[in-house]
Amino acid sequence: MRVLAMLDGTLADADGPLVRADDLGLLRGDGVFETVLVVDGRPRELGSHLDRMARSAAMLDLPPLDRAAWERVTRVVIDAWNSPGEMALKLVHTRGPEFGDGTPTAYALGLPIGAKTLVNRVEGVTALSLDRGFDPAIVERAPWLLLGAKTLSYAVNMAAMRYVEAHGADEAIFVAADGSVLEGPTSTVVLVEGTTMRTTPPTSGVLPGTTQGALFRAAEQAGWTTKVEPIGRDDLDGAEGLFLASSVRKITRVRVLDGVTMPDSAALHRELSALYESEYA
Ligand SMILES: Cc1ncc(COP(=O)(O)O)c(C=O)c1O
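Residue numbers (the working numbering): 1358 to 1638.
What follows is the structure in structure tokens.
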């Protein structure tokens, strides 16, 4: 099932034409988006997603988001979604048509969660580390690279996913030119040693993950130590727990990294999943 609504709240035919051929989101990937997990009619981390979309839009000099309208359209799609289970809700905001009056194209699209994602959540994944080709020091110096903005230009991220799949793995973990760990093409890296959880800082050019944020919040409440600090690629080898977090993945464990089997983190995965879910109990 799929549900589509325009930002003004009107439902539209999810199978019908929607975006003009000259829309800059389509022509140049010039726009921003979010994917929100909805469980039992409740959107998870909607506030954090809208905060991040507003930040991304500001980085692209797009008009400011109408937050109340996004909250309303989220509700419209959720109310029209009459299928059991979870929904991935895409919020899309482009620069609109070329030579237009600057009015963005903006809509919300509810989709089911992919079958492979559901299997990976349970079974864990194999991952390959891939060079991302930039040094974190460039992030501040070159704002035009839009590192840390969630733009519609995901062709590189999707190419990385195809690359790892062609090489027999499920997921990629990007590594910066200085050997530090960045993020997955659509996920945040979380590393666990003892009762400490770590993730890469947004200053390295990664997205601040809403799922990782929820997990760290719950973990801190439960007495864990959380650290947002650079992580070296070597730190991942043999780690007690290596996880990829994202809205649709939730917390997925990495079983094999670069062909090497990691320590069994099934029990740790159950613990982290319970912490994450406790945020929505
Ligand atoms: C590049 C990137 N990093 C991290 C994430 C994880 O973010 P979230 O937990 O908010 O879904 C995503 C989500 O798709 C992403 O695209």
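Backbone N, C-alpha and C define an ideal beta-carbon position, used for all residues, glycine too.
Applying the criterion that 16 or more other CB atoms from any shown protein chain within 10 Å of the CB defines a buried residue, is residue i buried or exposed?
i        : result
Phe-1456 : exposed
Gln-1578 : exposed
Ala-1430 : Per the sequence shown, residue 1430 should be read as Val rather than Ala. Val-1430 is buried by the Cβ-count criterion.
Val-1360 : buried
Asp-1379 : exposed
Gly-1677 : In the structure as shown, the chain begins at 1358 and stops at 1638. Residue 1677 is therefore absent and cannot be evaluated.
Gly-1616 : exposed
Lys-1584 : exposed
Ala-1374 : It is Pro, not Ala, that sits at residue 1374 in the sequence shown. Under this definition Pro-1374 is an exposed residue.
Arg-1627 : exposed
Met-1410 : buried
Tyr-1633 : buried
Lys-1473 : exposed
Ala-1624 : exposed
Val-1532 : buried
Gly-1536 : exposed
Val-1476 : exposed
Ala-1526 : buried
Glu-1517 : In the sequence under discussion, the amino acid at residue 1517 is Ala, which differs from the Glu named in the question. It is buried - the Cβ of Ala-1517 has at least 16 other Cβ atoms within 10 Å.
May I ask you to check if the CB of residue i is nearer than 7 Å to at least one heavy atom of ligand 2?
i        : result
Gly-1505 : Annotation note on ligand 2: not contained in the displayed structure, which lists ligand 1 as its ligands.
Inspect the beta-carbon positions of residue i and residue j and report whether they are closer than 8 Å.
i        : j        : result
Asp-1387 : Leu-1509 : yes
Val-1538 : Arg-1590 : yes
Pro-1559 : Gly-1595 : no
Val-1449 : Gly-1366 : no
Arg-1304 : Glu-1522 : Nothing in the structure corresponds to residue 1304, since the chain is present only between 1358 and 1638.
Pro-1461 : Pro-1420 : yes
Arg-1574 : Gly-1481 : no
Glu-1528 : Ala-1484 : yes
Glu-1597 : Ser-1630 : no
Leu-1381 : Arg-1452 : yes
Leu-1407 : Leu-1422 : yes
Lys-1507 : Val-1389 : yes
Ala-1426 : Leu-1364 : yes
Ile-1530 : Leu-1572 : no
Thr-1553 : Val-1546 : no
Leu-1503 : Leu-1417 : yes
Ala-1362 : Tyr-1464 : yes
Between residue i and ligand 1, is the CB less than 7 Å from at least one heavy atom?
i        : result
Ser-1486 : no
Glu-1314 : Outside the displayed range of the chain (1358 to 1638) lies residue 1314, so it cannot be described from this structure.
Gln-1578 : no
Gly-1566 : yes
Val-1611 : no
Ala-1533 : no
Ala-1445 : no
Ala-1371 : no
Gly-1563 : Just to set this straight, residue 1563 is Val in the shown sequence, not Gly. Yes.
Ser-1544 : yes
Ala-1602 : yes
Thr-1392 : yes
So that I know if they touch, is there some Cβ in chain B lying closer than 8 Å to that of residue i?
i        : result
Met-1554 : Reference to chain B is not applicable here, since this structure consists of a single protein chain.
Point to revise | Three-pair Cβ contact test at 8 Å for the stretch 1601-1612 versus the stretch 1566-1580 | key: yes
Original post:
Is there contact here, the stretch 1393-1402 with the stretch 1435-1452, by at least three beta-carbon pairs under 8 Å?
Top reply: yes
- Item | Stretch pair the stretch 1528-1548 + the stretch 1483-1494: three plus CB contacts closer than 8 Å | yes
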